[in-house]
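Report on one structure; see the data block that follows.
The structure is reproduced here in structure tokens:
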């Protein structure tokens with residue numbers, strides 16, 4: 032990777048031996064799924080990204096969804112899993128396809144807040160209200176989430192913790208360029 036200190040943020044699946052700070056993707060999505068269950072949701076859809084193959088943010092968040100269901104003895108219903116892209120329009124289209132298929136659902140865990148915003152729009156398009164008819168949770172706690180109607184519920188990853196750890200790893204790499212790479216995740220993951 033050259034002579035520059037590098038820290039990768041997020042998921043890594045390319046096998047590079049560099050410093051890495053991960054996000055609590057599984058733990059966060061599991062918590063979101065369990066929150067919906069605690070709110071009385073029985074059929075929770077997962078509007079996820081483009082693919083579940085490999086190791087990346089989408090597959091890790093999907094695993095958290097599966098873990099949340101399993102923790103409550105709820106089996107996976109694949110008809111509740113909708114692949115989408117990562118845009119608002121992708122979320123809108125995915126939830127409308129789900130609705131149009133006739134599959135009943137009362138909760139949605141979306142892979143990102145951006146996708147969740149599209150889900151909320153798609154639900155409104157078909158006359159369903161959030162949270163009265165369907166509860167929706169996104170992931171990332173982006174500032175725009177506070178401006179949706181209703182305000183979007185979201186998993187808030189600890190971005191400050193991630194940034195502090197990345198700076199710590201860069202400083203450590205500058206002090207000792209030959210030290211073995213370190214990988215760290217938030218304590219809750």
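Residue numbers (the working numbering): 32 to 220. Backbone N, C-alpha and C fix where the C-beta goes; we use that ideal spot for every residue, glycine too.
Contact check, residue i vs residue j, beta carbons under 8 Å
i	j	result
residue 64	residue 100	yes
residue 212	residue 48	yes
residue 127	residue 157	yes
residue 199	residue 185	no
residue 140	residue 168	yes
residue 83	residue 93	yes
Range covered by the beta strand (DSSP E) that runs through residue i
i	result
residue 79	75 to 79
residue 166	166 to 170
residue 133	Note, residue 133: premise wrong, no beta strand (DSSP E); not H, not E.
residue 184	184 to 186
Proximity to residue i [Cα-Cα], best of the options
i	options	result
residue 72	118, 163, 50 and 79	163
residue 42	118, 69, 89 and 96	89
residue 144	118, 67 and 129	118
residue 78	115, 193, 159 and 177	115
residue 80	135, 147, 67 and 40	147
residue 55	210, 68, 202 and 191	191
residue 111	129, 103, 102 and 98	129
residue 170	152, 160, 193 and 189	189
residue 159	86, 66, 136 and 202	136
Where residue i sits in the DSSP three-state scheme
i	result
residue 209	coil
residue 40	strand
residue 118	coil
residue 34	coil
residue 51	strand
residue 202	helix
residue 146	helix
residue 82	coil
residue 179	coil
residue 153	helix
residue 158	coil
residue 125	helix
residue 194	helix
Supposed close pair residue i, residue j - CB separation, criterion 8 Å
i	j	result
residue 113	residue 155	Not quite, the Cβ-Cβ distance comes to about 17 Å (not below 8 Å), so this is no contact.
residue 149	residue 120	6 Å
residue 187	residue 52	With 8 Å as the limit, residue 187 and residue 52 do not qualify as a contact, their Cβ atoms being about 17 Å apart.
Alpha helix (DSSP H) segment containing residue i, residue limits
i	result
residue 89	88 to 102
residue 62	56 to 69
The ligand NAP heavy atom lying under 7 Å from the CB of residue i
i	result
residue 118	Only the bare structure without any ligand can be found here, which leaves the ligand NAP out of the picture.
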